[in-house]
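Data first, discussion second: the structure below is written as C-alpha cells.
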Amino acid sequence: MDLLSIENPSFLQNLTKKELEQLSEQIRSFLIKTLSKTGGHIGPNLGVVELTIALHRAFNSPKDKIIWDVGHQCYVHKILTGRAKDFHSLRQYQGLSGFPKMNESPHDVWETGHSSTSLSAAMGMAIARDLKGEDYFIVPVIGDGALTGGMALEALNHIGHEKKNIIVILNDNEMSIAPNVGALHNILGRLRSAGKYNRAKDELEALLKKIPAVGGKMAQTAERFKDSLKYLFINGVFFEELGFTYFGPIDGHNYDDLFENLKYAKKTNGPVLLHVVTKKGKGYKPAENDKIGTWHGTGPYKIETGDFIKPVDSKPAWSKLVSETVRKLARDDDRIVAITPAMTVGSKLEGFQEEFPERVIDVGIAEQHAATVAAGLATQGMKPYLTIYSTFLQRSYDQLIHDICRQNLNVFIGIDRAGLVGADGETHQGVFDIAFLRHIPNIVLMMPKDENEAQHMIYTAIQYDNGPIAMRFPRGSVYGVELDNKLKKLPIGTWEVLREGTDYAILTFGTTIPMALEAAKKLEKYGIQTKIINARFIKPLDEKMLRSLLHNQIPILTIEEAILQGGFGSSVLEFACDNGYTDHEIKRMGIPDRFIEHGDVKNLLHEVGLTSDNIVQTIKNEIQKLIKRA
C-alpha cells in the first residue's frame, strides 16, 4: 500500500487481518526511516501501531472523537488520516506538528502537549454530546504514565460518578518518558499479571447456570461470586470501584484481541476502560531494548546501529551541567534533595541518582505534588532542588504561590528549557515563566549568561536562606567557556556590565546576550557606543544600576527570549514609572502576544524579530527620533 496516498481511515474496513498486519509493518518501516532524518517521538509511536489501526477501524473518526493524551503518540493517527506525505517536514519550521493540531485535520479533535488532559476533555465532550442529544463515541487514549497525573485521577472519579458513555483506552507500556513510579503503576503491574479476569467471570457464570437443581439460585448470586473472583484474581480492583467496566489486559499488538474487546466496549453502557498492554518501540530493537527512556523522543539517528547523530564536538547539555553542579554540592551538603516530576532522564539526574539514590525523588507526572513535596522538605531544614521544565512549571502555579512563596521556604527551582525550545512547539515553549513568577512575593529569579556563571548561581541558590530562588536555563548545549575551580556567591539583585557605552544601553540576560554583543559591534560602525548589561537577576532588579541609567538619561532597550507582557521589560518600565522617569526612552524586544509554533530556534527568533540586525535597526531608529526631537 502507498502510505502517501492515504486520505482517510475508511480504507481499513476492507482489509483482511493479514493485510492489516502487513500495513502495521509498513507503517513501522516508514516511521523508522522518516524519523531517522527528522527525529521525533519514535518509541511511543512504534508501540501504538496496531492499537491506532484498530481504533480507526472500530470507530468513525472524526464523528467519533479519538483523543490522544500528551499527543506525542499520534504519528500513526496522522498517517491514517492523510498526512504521511508531509512527514518529511515533521517538527520542522512551518511543517507538520509532532502533536495533534486542529488546523491540520478535522480528525485532530483535541490539542495537547502536556499529559493527563484527555479524560477531562472527554468528559466535557460527553456532557456536550448528551446535552445536544447527539450520538457518537468518545475515546480518550491515555498512557499509564499520564494516568498518574492528578488531573487524570480527578477525571476518572468524575466520569465514574456520572456514568458517562466514554471508552477509555489505557495504553500501558510500563513507561512514560522514563520508567513509571508509584502505587498506581504497581496496580497496573498486578493487572497485567492477572490475565483476563473478565473472561474468567463469564466462564464462571456459565458454569454456575449449568449446575442441576440449584443452577437458577446460584445464577442469582453470580454477581457476588464474580466480585469475589475479581478480588481473588486481582489485588485491588481500582477501575471497577471507580465505576468503570474493565476489559483487559488486552494484547495491544493482537488484532483479534483488540477487535473483540472494542466490540464489547461499544456495546457496554456507561464508562468503559480497556487496559491495552503494548511494547514501546516495538519493531525496532534499539527502541525496544530501551529501559530508561532514551528512545522516547530523539533527534536524527542511524537506522542500522541506532546511534544518534550528534554535531561534531558537541558540548554537554545545560541540564547536565546544572544537575552535575548540584550533585557536586550535594557531596558536602546532605540537606540537598533533588525532586523531579518523571523527568529523571530529561533533567539529566542519572548521575545524581546513582550516587545518592535516596536523595532523588521522582514523584511521577505530578508537578503540583512535586512543588509541595519540595515545600514540605524545606520546612524540615532540607534544601530541595526542584528541577522542572519551564512549560511544566506552569502546572504547579498555585503550589508555587500558596505553598512555597507564601511560606517563604528555601526551595531552589531549576527552570529547565527556559525560552524557545524548537521542535516540540507551542505547548513546550518556555516563554511564560518570567511573567508568571516575577509578580509573586519573596521569589528571586535569575538566569546566567554562560555555564560558568550558572555554577556560581547554583552555589548562590544553595547558600541562599531567605526564601525561594529560581534559576532559568535553556535547552541545548552550553557554550564551552572555561569553568572556575572555586565557586562563589553572587550578590542578590546585582547586574554586570559586559561592554561600556554612553549612547544606548541594552539590558538582557541568558541566551540573548551574544545577540546583544553582536549588535553592539555592528552599531559601533555607525558611531553608536552601546552599553551591554548582563541583567542576570530578573527579580530583584539591580535598582542602583538602573537608577543610574535613568538619571544619566541613557536610552534603554530590554531584550528577553520570553513573553513581553508582564516580563522583564515590563518590570523596567514599572520601575521607571514608579520613580518618576516617565519621559525616559525605554524600548522592549521579546516574544509577542501569541503562541509560537514549532521549528528551529533560529527560524523562530527571526520570525519574532529577535536578531542582532533587528536590534541594530531598532536602536538606529530610536536615536534618529531622539536627534529630531532635540
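1205 is the number of the first residue of the sequence shown in the numbering used here; add one for each residue after it.
Just so you know, even glycine gets a beta-carbon here, dropped at the ideal spot from N, CA and C.
(request) State the Cα-Cα distance for the pair residue 1230 and residue 1223, rounded to the nearest angstrom. (result) Residue 1230 sits at position 26 when you count from the first residue of the sequence shown. Residue 1223 sits at position 19 when you count from the first residue of the sequence shown. Near 10 Å, if we compare the C-alpha coordinates of residue 1223 and residue 1230.
(message) Pull the bridge partners of residue 1703 from the DSSP assignment, please.
(response) Your numbering for residue 1703 matches position 499 in the sequence shown. 1736, per the DSSP bridge assignment.
(message) At the level of alpha carbons, what is the spacing between residue 1681 and residue 1806?
(response) Residue numbering aside, residue 1681 sits at position 477 when the sequence shown is read from its first letter. Residue numbering aside, residue 1806 sits at position 602 when the sequence shown is read from its first letter. Each residue's alpha carbon lies about 15 Å from the other.
(request) Express the C-alpha separation of residue 1236 and residue 1351 in angstroms, rounding to a whole number. (result) Sequence index remark: in the sequence shown, residue 1351 carries index 147 (1-based). Sequence index remark: in the sequence shown, residue 1236 carries index 32 (1-based). So the alpha carbons of these two residues sit roughly 27 Å apart.
(message) Counting C-beta neighbours from all protein chains within 10 Å, is the total for residue 1653 16 or more, i.e. buried, or is it exposed?
(response) What you label residue 1653 is simply residue 449 of the sequence shown in a count that begins at 1. So residue 1653 ends up on the buried side.
(message) In this structure, how does DSSP classify residue 1437 when only helix, strand and coil are distinguished?
(response) Translated into positions along the sequence shown, residue 1437 becomes position 233. Here the model assigns residue 1437 a pLDDT of 42, short of 50, so the residue's position is not dependable, and the following value carries that caveat. Residue 1437 falls in the helix class under three-state DSSP.
(message) Taking the beta strand (DSSP E) that residue 1649 belongs to, which residues open and close that run?
(response) Counted from its first residue, the sequence shown places residue 1649 at position 445. It spans 1648-1650 - the beta strand (DSSP E) in which residue 1649 sits, taken as one unbroken run.
(message) Given this structure, state the Cα-to-Cα distance separating residue 1330 from residue 1723, to the nearest angstrom.
(response) The count along the sequence shown starts at 1 and reaches residue 1330 at position 126. The count along the sequence shown starts at 1 and reaches residue 1723 at position 519. Their Cα atoms are separated by approximately 54 Å.
(message) Classify residue 1208: buried if its beta carbon has 16 or more other beta carbons within 10 angstroms, exposed otherwise.
(response) Here residue 1208 refers to the residue found at position 4 of the sequence shown. The residue in question, residue 1208, is exposed, as its Cβ has fewer than 16 Cβ neighbours within 10 Å.
(request) Count the other C-beta atoms from every protein chain shown that fall within 10 angstroms of the C-beta of residue 1206, then say buried if there are 16 or more, exposed otherwise. (result) Here residue 1206 is taken as the residue at index 2 of the sequence shown, counted from 1. Per the 10 Å Cβ criterion, exposed.
(request) Would you kindly check if the distance between the Cβ of residue 1343 and the Cβ of residue 1241 is under 8 Å? (result) Here residue 1241 is taken as the residue at index 37 of the sequence shown, counted from 1. Here residue 1343 is taken as the residue at index 139 of the sequence shown, counted from 1. Cβ distance not < 8 Å, so residue 1241 and residue 1343 don't count as in contact.
(request) Rounded to whole angstroms, what's the CA-CA distance from residue 1399 to residue 1605? Just pull it up for me. (result) Locating residue 1399 in the sequence shown gives position 195, counting from the first residue. Locating residue 1605 in the sequence shown gives position 401, counting from the first residue. The predicted position of residue 1399 is uncertain, since its pLDDT is 47 and thus under 50; no value can be drawn from it.
(message) Please state whether the Cβ-Cβ distance between residue 1477 and residue 1372 is less than 8 Å.
(response) As a first step, residue 1477 is located in the sequence shown; it is residue number 273 there, counting from the start. As a first step, residue 1372 is located in the sequence shown; it is residue number 168 there, counting from the start. Yes, these two residues count as a Cβ contact at 8 Å.
(message) For residue 1397, which residues in the same chain have their Cβ closer than 8 Å to its Cβ, ignoring the five residues on either side in sequence?
(response) Taking the first residue of the sequence shown as 1, we reach residue 1397 at position 193. Below a pLDDT of 50, predicted positions are generally treated as unreliable, and residue 1397, at 44, falls in that range; no measurement from the model is reported.
(request) Mind the definition here: the region 1566-1577 touches the region 1596-1603 only if three or more C-beta pairs lie below 8 Å; say whether that holds. (result) yes
(message) If I follow the unbroken beta strand (DSSP E) through residue 1487, where does it start and stop?
(response) Working through the sequence shown from its first residue, we reach residue 1487 at position 283. No beta strand (DSSP E) contains residue 1487, which DSSP labels as neither H nor E.
(request) Could you tell me the boundaries of the beta strand (DSSP E) in which residue 1476 lies? (result) Here residue 1476 refers to the residue found at position 272 when the sequence shown is read from its first residue. Looking at the DSSP string, the run of the beta strand (DSSP E) that includes residue 1476 is 1476-1481.
(request) Could you check the C-alpha separation between residue 1339 and residue 1333 for me, to the nearest Å? (result) Here the question's residue 1339 lines up with position 135 in the sequence shown. Here the question's residue 1333 lines up with position 129 in the sequence shown. Residue 1339 and residue 1333: Cα-Cα distance of roughly 7 Å.
(request) Using only alpha-carbon positions, find the residue among 1228, 1530 and 1828 that is nearest to residue 1588. (result) Numbered from 1 along the sequence shown, position 384 holds the residue referred to as residue 1588. Answer by Cα proximity: 1530.
(request) Please state whether DSSP places residue 1303 in a helix, a strand or coil. (result) In the sequence shown, the residue the question calls residue 1303 occupies position 99. Of the three classes helix, strand and coil, the one that applies to residue 1303 here is coil, per DSSP.
(request) Please check the pair residue 1620 and residue 1677, which I expect to be a contact at CB under 8 Å, by giving their CB distance rounded to whole angstroms. (result) In the sequence shown, counting from the first residue as 1, residue 1620 sits at position 416. In the sequence shown, counting from the first residue as 1, residue 1677 sits at position 473. Confirmed, about 6 Å.
(message) So the candidates are 1569, 1540, 1571 and 1547; which of them puts its Cα closest to the Cα of residue 1559?
(response) Taking the first residue of the sequence shown as 1, we reach residue 1559 at position 355. Comparing Cα positions, the closest option is 1540.
(message) Quick check on the DSSP output: the alpha helix (DSSP H) that includes residue 1251 runs from which residue to which?
(response) Start at 1 with the first residue of the sequence shown, and residue 1251 comes out as number 47. Residue 1251 -> alpha helix (DSSP H) spans 1246-1251.
(request) For residue 1556, count neighbouring Cβ atoms within 10 angstroms of its own Cβ and tell me buried if that reaches 16, exposed if not. (result) Taking the first residue of the sequence shown as 1, we reach residue 1556 at position 352. Classification for residue 1556: buried.
(request) With DSSP collapsed to three states, give me the class of residue 1588. (result) Indexing the sequence shown from 1 puts residue 1588 at position 384. For residue 1588, the three-state secondary structure derived from DSSP is strand.
(request) Leaving aside the five residues before and after residue 1554 along the sequence, list all residues of the same chain whose C-beta is less than 7 Å from its C-beta, in chain order. (result) The sequence position of residue 1554 within the sequence shown is 350, counting from 1. Cβ neighbours of residue 1554 beyond the five flanking positions: 1548.
(request) Could you check what DSSP says for residue 1344 in three-state terms: helix, strand or coil? (result) Locating residue 1344 in the sequence shown gives position 140, counting from the first residue. Three-state result, residue 1344: strand.
(message) Can you tell me whether residue 1799 is buried or exposed? The criterion is at least 16 other CB atoms within 10 Å of its CB, across all chains shown.
(response) Counted from its first residue, the sequence shown places residue 1799 at position 595. Per the 10 Å Cβ criterion, exposed.
(request) Determine the DSSP secondary structure at residue 1518, reduced to helix, strand or coil. (result) In the sequence shown, counting from the first residue as 1, residue 1518 sits at position 314. Looking at residue 1518 - three-state DSSP - the assignment turns out to be coil, as it is neither helix nor strand.
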